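Student:
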Ligand SMILES: [Zn+2]
Ligand SMILES: [Zn+2]
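Protein chains in written order, with full-length UniProt numbering: chain A, 1 to 198; chain B, 1 to 198.
#1: Closer than 5 Å between the C-beta and any heavy atom of ligand 1: which residues qualify, listed along the chain?
#2: Determine, using beta carbons only, whether residue 146 (chain B) comes closer than 8 Å to chain A.
#3: Would you check if the distance between the CB atom of residue 82 (chain B) and the CB atom of residue 105 (chain B) is smaller than 8 Å?
#4: Is any beta-carbon of chain A found at less than 8 Å from that of residue 108 (chain B)?
#5: So, does the CB of residue 87 (chain B) fall closer than 8 Å to a CB anywhere in chain A?
#6: Can you tell me whether DSSP reads residue 110 (chain A) as helix, strand or coil?
#7: Quick check on this structure: which residue in A:86, A:166, A:192 has the alpha carbon closest to the alpha carbon of residue 146 (chain A)?
#8: Since residue 167 (chain A) is in the beta strand (DSSP E), which residue starts that stretch and which ends it?
#9: Using Cβ-Cβ distances below 8 Å, what residues of the segment 24 to 38 of chain A are close to chain B?
#10: Sort out for me which residues DSSP pairs residue 117 (chain B) with in a bridge.
#11: Going along the chain, which residues of its own chain have a beta-carbon closer than 7 Å to the beta-carbon of residue 39 (chain B), five neighbours each way excluded?
#12: Is it buried or exposed for residue 179 (chain B), if we count other Cβ within 10 angstroms and need 16 for buried?
#13: Taking its Cβ as the centre, do 16 or more other Cβ atoms sit within 10 Å of residue 21 (chain A), making it buried, or is it exposed?
#14: Identify the continuous beta strand (DSSP E) that holds residue 78 (chain A) and give its terminal residues.
#15: Using a C-beta to C-beta distance shorter than 7 Å, which residues of chain B count as neighbours of residue 58 (chain A)?
#16: Verify the CB distance criterion: does residue 50 (chain B) have a CB-CB separation below 8 Å to chain A?
#17: In this structure, what does DSSP give as the bridge partners for residue 56 (chain B)?
#18: From what residue to what residue does the beta strand (DSSP E) around residue 17 (chain B) run?
#19: Taking contact to mean at least 3 C-beta pairs separated by less than 8 Å, is the segment 118 to 136 of chain A in contact with the segment 89 to 100 of chain A?
#20: When the cut-off is 8 Å and only beta carbons count, does residue 65 (chain B) lie next to chain A?
#21: Less than 7 Å between the CB of residue 62 (chain B) and some heavy atom of ligand 2, yes or no?
#22: Where in the segment 121 to 155 of chain A do unbroken runs of the beta strand (DSSP E), each at least 3 residues long, occur, reported from the N-terminal end onward?
#23: One question on the structure: do residue 103 (chain A) and residue 72 (chain A) come within less than 8 Å of each other, judged by their Cβ atoms?
#24: Residue 150 (chain B) to residue 156 (chain B), Cα distance in whole Å?
#25: For a test of the three-state rule: what should DSSP assign to residue 173 (chain A), helix, strand or coil?
#26: Helix, strand or coil for residue 102 (chain A)? Go by DSSP, reduced to three states.
#27: What's the C-alpha gap between residue 182 (chain A) and residue 30 (chain B)?
#28: Just to make sure I have the definition right: I need the residues of chain D whose C-beta is within less than 9 Å of the C-beta of residue 185 (chain B). Which are they?
#29: According to the neighbour-count rule (16 or more other Cβ atoms, all chains shown, within 10 Å of its Cβ), is residue 7 (chain A) buried or exposed?
#30: CA-CA distance, residue 160 (chain B) and residue 166 (chain B)?
#31: By alpha-carbon positions, which one of A:168, A:51, A:120, A:28 ends up nearest to residue 137 (chain A)?
#32: For residue 54 (chain B), I'd like the list of residues in its chain whose CB is within less than 8 Å of its CB, leaving aside the five on either flank, ordered along the chain.
#33: Check whether the Cβ atoms of residue 42 (chain A) and residue 16 (chain B) sit closer than 8 Å, and answer yes or no.
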């Protein structure tokens, strides 16, 4: 006995999704065919549409359906500031803080030599070009405070400073609401070194 | 700032997959657009094809691309035996044991009154019709040995026996290779009650 080939093909294709193994791919395929054919058809349409329409912003590299994204084409934004983030989700988090009115550059990842992710994969040339437009005066590095994010920030910083650009990094320290007892020692050590006059 | 609508639509559609919440849907959408557009296109094709082609076997109710599935149309199978399983995956497990040469009926679920899953959802009428074809002499209930599977087996058994059909159930007992010390008490109790002369 074999599964019908359309179902096998569907289960195989579902495995292209990150975090989906053979068992869950089969479960998903059965679920869609048994309980949610409308959802399956909708997902099929969504995939086709996204593949066709979603591209990268010519300026900031984020996902957009236009040549230049909404943020980059917003005349209200401060064009002298460029904030570098790893992902569109990170950009969204910063937007939600309402503390930043400049523009962005989205790396779509971070350096990870062991995984073969180098400067080209995080679009370093495009970032250097973007930051060298003569209007940007400061680049704010807002990559994650993980090992990879820190290494990425360091690498970008060296490259941009070599071109005479002013580069800053989000401050590290004890999180707002953080109780020292529950904050890790590395964070406290960093907060001590970076302490500010009050 | 907003995500482009094609991406939002894709993330929304991915949530139709079982076990996929908003965070992983977004991660999947980003992953496909950034790293695997070919996979996205392939999944789109697979979904469209499955929605179009996959149907239920007129005889056994499993998924198939034909009116009647491969197993049901195989002349080598013993048409007097009908094994009732919950899912195509369960059927596959039984096929792999090479111990059964009869036909199947796939419920595509189990009774679960609390979830609103009743006799109609497990295609009881279709099963009764199938089992009453005058050729089937024994129905083997191979639903899971969970509460729902047991209740489903009981319900089906009552219905088929009322129509004069012979009904059996897979044996319960200590699993092959099972050490009594590590087998739960309920299983041992059942194995004791069902003990067989040697
Ligand atoms: Zn942009
Ligand atoms: Zn069949």
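The C-beta atom is built at its ideal place from N, Cα and C for all residues, glycine as well.
Please read all numbers here as calculations on a predicted model, not as lab measurements.
Tutor: Looking at the coordinates:
#1: A:57, A:59, A:60, A:69, A:72
#2: no
#3: yes
#4: yes
#5: yes
#6: coil
#7: A:86
#8: 166 to 169
#9: 24, 26, 27, 28, 29, 30, 31, 32, 33, 34, 36, 37
#10: B:112
#11: 32
#12: exposed
#13: exposed
#14: 78 to 85
#15: What residue 58 (chain A) touches in chain B: nothing, since even the nearest Cβ is about 14 Å away.
#16: yes
#17: B:63
#18: Note, residue 17 (chain B): premise wrong, no beta strand (DSSP E); not H, not E.
#19: no
#20: yes
#21: yes
#22: 138 to 141
#23: yes
#24: 10 Å
#25: coil
#26: strand
#27: 33 Å
#28: Considering every chain present, this structure includes no chain D. Its protein chains are A and B.
#29: buried
#30: 8 Å
#31: A:168
#32: 63, 64, 65
#33: yes
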